[in-house]
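See below for the structure under consideration.
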Amino acid sequence: MLSAVVSNPLEKRNNRHYLLKAKERLREMPAIKIGITGSYAKTSVKNALTHFLSQKYKTLVTPANYNTPLGIAKTLQEATGNEEICVFEMGARRKGDIRELCEMISPTVGVLTGIAPQHLETFGSQEVLLKEKGELARFVPSNDMVFYNLTDPLVSTLYRERIGKKIGVGFVEGEYLIQQVEITSGGSSFSLVHGKDRLRISLKSVGKACVINVALAAAIALELGVPANRIEESARELTGAPHRFEVMESGGVTVIDDSYNINPIGAAVALDTLCYFGEGRKVVYCSGMVELGKEEEKCNLELGKKIAECCSLAIVAEGRYGDMVERGIKRANCACKIMRVKNTEEASLLFKKVLKRGDVLLIMSDLPRDYLV
Numbered sequence: 000m001l002s003a004v005v006s007n008p009l010e011k012r013n014n015r016h017y018l019l020k021a022k023e024r025l026r027e028m029p030a031i032k033i034g035i036t037g038s039y040a041k042t043s044v045k046n047a048l049t050h051f052l053s054q055k056y057k058t059l060v061t062p063a064n065y066n067t068p069l070g071i072a073k074t075l076q077e078a079t080g081n082e083e084i085c086v087f088e089m090g091a092r093r094k095g096d097i098r099e100l101c102e103m104i105s106p107t108v109g110v111l112t113g114i115a116p117q118h119l120e121t122f123g124s125q126e127v128l129l130k131e132k133g134e135l136a137r138f139v140p141s142n143d144m145v146f147y148n149l150t151d152p153l154v155s156t157l158y159r160e161r162i163g164k165k166i167g168v169g170f171v172e173g174e175y176l177i178q179q180v181e182i183t184s185g186g187s188s189f190s191l192v193h194g195k196d197r198l199r200i201s202l203k204s205v206g207k208a209c210v211i212n213v214a215l216a217a218a219i220a221l222e223l224g225v226p227a228n229r230i231e232e233s234a235r236e237l238t239g240a241p242h243r244f245e246v247m248e249s250g251g252v253t254v255i256d257d258s259y260n261i262n263p264i265g266a267a268v269a270l271d272t273l274c275y276f277g278e279g280r281k282v283v284y285c286s287g288m289v290e291l292g293k294e295e296e297k298c299n300l301e302l303g304k305k306i307a308e309c310c311s312l313a314i315v316a317e318g319r320y321g322d323m324v325e326r327g328i329k330r331a332n333c334a335c336k337i338m339r340v341k342n343t344e345e346a347s348l349l350f351k352k353v354l355k356r357g358d359v360l361l362i363m364s365d366l367p368r369d370y371l372v
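Numbering that gives the first Met the number 0 numbers the first residue of the sequence shown as 0 and each following residue consecutively.
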């Protein structure tokens, strides 16, 4: 106990020194600094953007989910000083986190990927969450670029509030328009239109979410000078981030791992995408959504209703969040069958019993790969 009391102040002091050195290093770096924030799709957009930028520039990027001040400071240890562009993922769990990251990084390009009612237990309300995510756009100078995913209603609100240079990407509005979307179980393709310019981008990944994420990344890369043909060619090499609508085959069953960071918007998009996977039975494994504060019951009931519309079998984990999902399924009065399990081990055993060749299993709950069928 005494060692913890003594070491904690020392650790905090060391961290402050570590962060101060990182901030000084960032200030000295001449590279363009891109900050990416949002409730979802940060990592997916970051990965696609880094892939495109690397076709022309020397880049530094925060790996995995390194989206805190300490994570960014650790990333800087890998910097050579020759980087032309740095891409930083910026996470937030409470008010003030984005401001702290902005003051550390001083981003000259901002990216807002999407806003969903997450971490409301710490933010308190969606209004506070919206203001927090908007801190990035308010920090970026008015003559520098901020990019917005205009398929997200809350991000669109921030787009309209921006006084300064802004670039929107969307289906019906924005400086860049996503058109002629084609999605099959084997991949996705779309056109990205900017004035008279048009790119045709083909992807291995499946679904509307990946189309939006890659379109946003491509628009940023184009504005930063990456040639259009390099983007079109390199897009075919893109692979999705782990556990973000990751498609695999196992024993004749199509398994879609979308277990990372389940949120109301992402869950709805994932369920809608199931229709592209043939005529097989659609099955979902879900434990419900957490950290939604006062919105948790409403959002989980809506998730249950959406599951009932899209799936014929729902395997739902026990617990109060799962109970809410089950109530939502039942209220929909659809033919979706419900089976409850205690944990991932029990879910895995049930998969082996009930799934058959041709089925499509969507996993929207944390489940280790060892438990996949």
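Glycine is no exception: its CB is placed at the ideal position from the N, C-alpha and C atoms.
Note that the structure is a prediction, hence the values are computed from the model and not measured.
Ordered along the chain, which non-local residues of its own chain (more than five positions away) have a Cβ less than 6 Å from that of residue 112?
Counting only Cβ-Cβ distances below 6 Å, and skipping sequence neighbours, we find 37, 40, 41, 44, 148.
Classify residue 50: buried if its beta carbon has 16 or more other beta carbons within 10 angstroms, exposed otherwise.
Buried: at least 16 other Cβ atoms inside 10 Å.
Can you give the beta carbon distance from residue 48 to residue 220, rounded, assuming they're within the 8 Å contact cut?
With a Cβ gap of about 6 Å, residue 48 and residue 220 count as contacting.
In whole angstroms, give me the CA-to-CA distance for residue 367 and residue 320.
Reliability of the predicted coordinates at residue 367 is poor, the pLDDT of 41 falling under 50, and the value obtained from them is presented with this limitation in mind. For residue 367 and residue 320, the distance between alpha carbons rounds to 20 Å.
With a Cβ-Cβ cutoff of 8 Å, do residue 362 and residue 249 count as a contact?
Cβ atoms of residue 362 and residue 249: not closer than 8 Å.
Residue 372 to residue 323, Cα distance in whole Å?
Reliability fails at residue 372, whose pLDDT of 40 lies under 50, so the model's placement of it is uncertain and the value that follows must be treated cautiously. Using only the alpha carbons, I get a separation of about 26 Å.
Do residue 138 and residue 93 have their CB atoms nearer than 8 Å?
No; because the gap between Cβ atoms is not below 8 Å, this pair is not in contact.
From residue 342 to residue 316, what distance separates their C-alpha atoms?
Straight-line Cα distance between these residues: approximately 6 Å.
Suppose you measure from the CA of residue 224 to the CA of residue 84; what does that come to, to the nearest Å?
Cα to Cα, residue 224 sits roughly 12 Å from residue 84.
On a CA-only basis, which of 204, 186, 218, 209 is nearest residue 197? Give me that one, please.
Nearest of 204, 186, 218, 209 to residue 197, Cα basis: 218.
Any chance you could list the beta strand (DSSP E) runs of at least 3 consecutive residues sitting entirely within the region 193-251, in chain order?
Listed in chain order, they are 196-202, 245-249.
Can you tell me whether residue 152 is buried or exposed? The criterion is at least 16 other CB atoms within 10 Å of its CB, across all chains shown.
Per the 10 Å Cβ criterion, exposed.
Do the CB positions of residue 239 and residue 231 come within less than 8 Å of each other?
No. Outside cutoff.
Whole angstroms is fine: what's the gap from residue 329's alpha carbon to residue 288's?
So the alpha carbons of these two residues sit roughly 18 Å apart.
Quick test of the definition: if touching needs 3 or more C-beta pairs under 8 Å, does the region 161-172 touch the region 251-268?
With the cut-off at 8 Å, the region 161-172 and the region 251-268 do not touch.
Between residue 199 and the rest of its own chain, which residues show a CB-CB distance below 6 Å, the 5 nearest in sequence each way excluded?
For residue 199, where only same-chain residues beyond five positions count, the Cβ hits under 6 Å are 190.
Once DSSP output is grouped into helix, strand and coil, what is the label at residue 353?
Residue 353: helix per DSSP, three-state reduction.
Buried or exposed for residue 66, please, with buried defined as at least 16 other CB atoms from any protein chain shown within 10 angstroms of its CB.
With 16 or more Cβ atoms within 10 Å of its Cβ, residue 66 is classed as buried.
Apart from the five residues just before and just after residue 349, which ones in its own chain have a Cβ nearer than 8 Å to its Cβ?
For residue 349, where only same-chain residues beyond five positions count, the Cβ hits under 8 Å are 314, 338, 340.
Could you please give the first and the last residue of the uninterrupted beta strand (DSSP E) stretch that includes residue 285?
Segment 281-285, the beta strand (DSSP E) holding residue 285.
From the DSSP output, in three-state form, read off residue 178 for me.
In the structure shown, residue 178 sits in a strand (DSSP, three-state: E or B).
What whole-angstrom Cβ distance do residue 373 and residue 135 have, given they're in contact under 8 Å?
Outside the modelled stretch of the chain, which goes from 0 to 372, sits residue 373, for which no answer is possible.
Which residue comes first and which comes last in the alpha helix (DSSP H) that contains residue 276?
That residue, residue 276, is in no alpha helix (DSSP H); it is neither H nor E in DSSP.
For the alpha helix (DSSP H) that contains residue 82, what are its first and last residues?
From DSSP, residue 82 is part of no alpha helix (DSSP H); its letter is neither H nor E.
Could you say which of 298, 331, 53, 293 lies nearest to residue 310 if we only look at CA atoms?
Ranking the options by Cα distance to residue 310, first place goes to 331.
Could you check the C-alpha separation between residue 390 and residue 252 for me, to the nearest Å?
The requested residue 390 does not occur in the structure, where the chain is confined to residues 0 to 372.
Quick check: what's the CA-CA separation for residue 229 versus residue 54?
In a straight line, the C-alpha of residue 229 is about 7 Å away from that of residue 54.
Can you pull the DSSP bridge partners for residue 146?
Beta-bridge pairing links residue 146 to 110, 166.
Contact defined as beta carbons within less than 8 Å: I believe residue 354 pairs with residue 336. What is the distance between those atoms, to the nearest angstrom?
Between residue 336 and residue 354 the Cβ distance is about 13 Å, and since that is not below 8 Å, they are no contact.
Which residue comes first and which comes last in the alpha helix (DSSP H) that contains residue 44?
Residue 44 -> alpha helix (DSSP H) spans 41-52.
Below 8 Å between beta carbons: does that hold for residue 233 and residue 210?
For residue 233 and residue 210, no; Cβs fall outside 8 Å.
Tell me the DSSP bridge mates of residue 338?
Note: residue 338 sits in a beta bridge opposite 314.
Would you mind working out which of 18, 273, 89, 295 sits nearest residue 125, comparing C-alpha positions?
Of the listed residues, the one whose Cα sits closest to residue 125 is 295.
Which one or two residues does DSSP pair with residue 363 in a beta bridge?
DSSP output for residue 363 lists 285 as bridge partner(s).
Looking only at DSSP bridge pairs, what is residue 138 linked to?
Residue 138 is not bridged to any residue.
In chain order, what residues of the same chain lie with their CB nearer than 7 Å to the CB of residue 299, ignoring the 5 residues before and after it?
These residues qualify, in order along the chain: 287, 288, 320, 323, 324, 327.
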